[in-house]
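Here the sequence shown is numbered in the working numbering, starting from 200 and rising by one per residue. All C-beta atoms, glycine included, are put in the ideal place defined by N, C-alpha and C. If you're wondering where the values come from, they're calculated on a predicted model, not measured in any experiment. Right, one structure below, let's go through it.
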Amino acid sequence: MKLNDSDALLVIDVQNDFCPEGKLAVTDGNAIVPIINPLIEQFRHVILTQDWHPAGHSSFATSHSGKAPFSTTAMPYGQQTLWPDHCIQGSDGAAFHPDLQVDAAAMVIRKGTNPEIDSYSAFYENDHTTRTGLAGYLRDLRINRVFCCGLAFDYCVRYSAVDARKESFTTLVIDDACRSIDMDGSDADTRTEFKNRNIALVESHALLG
Ligand code: VGL
Ligand code: ZN
Numbered sequence: 200m201k202l203n204d205s206d207a208l209l210v211i212d213v214q215n216d217f218c219p220e221g222k223l224a225v226t227d228g229n230a231i232v233p234i235i236n237p238l239i240e241q242f243r244h245v246i247l248t249q250d251w252h253p254a255g256h257s258s259f260a261t262s263h264s265g266k267a268p269f270s271t272t273a274m275p276y277g278q279q280t281l282w283p284d285h286c287i288q289g290s291d292g293a294a295f296h297p298d299l300q301v302d303a304a305a306m307v308i309r310k311g312t313n314p315e316i317d318s319y320s321a322f323y324e325n326d327h328t329t330r331t332g333l334a335g336y337l338r339d340l341r342i343n344r345v346f347c348c349g350l351a352f353d354y355c356v357r358y359s360a361v362d363a364r365k366e367s368f369t370t371l372v373i374d375d376a377c378r379s380i381d382m383d384g385s386d387a388d389t390r391t392e393f394k395n396r397n398i399a400l401v402e403s404h405a406l407l408g
């Protein structure tokens, strides 16, 4: 697959807390770093996202008395999964994986900063209304195709890819450059949703060389 200047690589949440030993560890999350680094070199436009919560964020189980991590609760904007405390602003867990080659990225979107609303997607908060500004940024750059990779496949990558498609970008997800949390069939559900929404799954080797 030939890449050009109207392609963008969106690297979602490759942060210590989503890697082994992190607060919300994704199995083998660190294994994607050596896959993503060569991808970053192939793209003229690279955007990173960083999950970036204030302490006491409403998506944390510890903010809801009697609630366990990975349970759900009703929020004004809909059902919300409650997570272990993770990616607290400025913490080591919120930092990018130390081996991720971040220098070529022109833009870092920090999300989940509103204490009241979680934000899985790089485009919208979980109320599906509040924008991060990423769609406008990509349109200004005349981007046509958005290639997504990172963590977690079935949460932040999924929501970001779905919103990229809703914003009318041709959307591809680089399967081997992602890892899943895989809770209650979420990995399979994500693959079904991508098929139904015309979001393509590709492998990194198709973009390299
Ligand atoms: C994520 C759960 C909570 C992710 C972020 O990056 O997929 N998942 N916050
Ligand atoms: Zn989060």
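The DSSP-derived three-state label of A304 is coil. Those residues having their beta-carbon less than 5 Å away from any non-hydrogen atom of the ligand VGL are, in chain order, D212, D250, W282, A351, Y354 and C355. Taking a 10 Å sphere around the C-beta of T271, we find fewer than 16 other C-beta atoms and assign the residue as exposed. Ranked by Cα distance from Q288, the options L337, D216 and T389 are led by D216. Burial check for H404: the Cβ neighbour count within 10 Å stays below 16, so the residue is exposed. Distances from the alpha-carbon of K222 to those of R309, R364 and F269 put F269 closest. T391 sits in a helix when the DSSP states are folded into three classes. The Cβ atoms of L209 and C377 lie no closer than 7 Å to each other.
Shortest Cα-Cα distance from S359 to any of H327, M382, D383 and L340 involves H327. Boundaries of the beta strand (DSSP E) harbouring G349: R344 to L350, taken from the DSSP string. DSSP places R364 within a helical segment (H, G or I) once states are collapsed to three. G311 has its CB nearer than 6 Å to a heavy atom of the ligand ZN. Linking P237 to T391 through their CA atoms gives a straight-line distance of about 28 Å.
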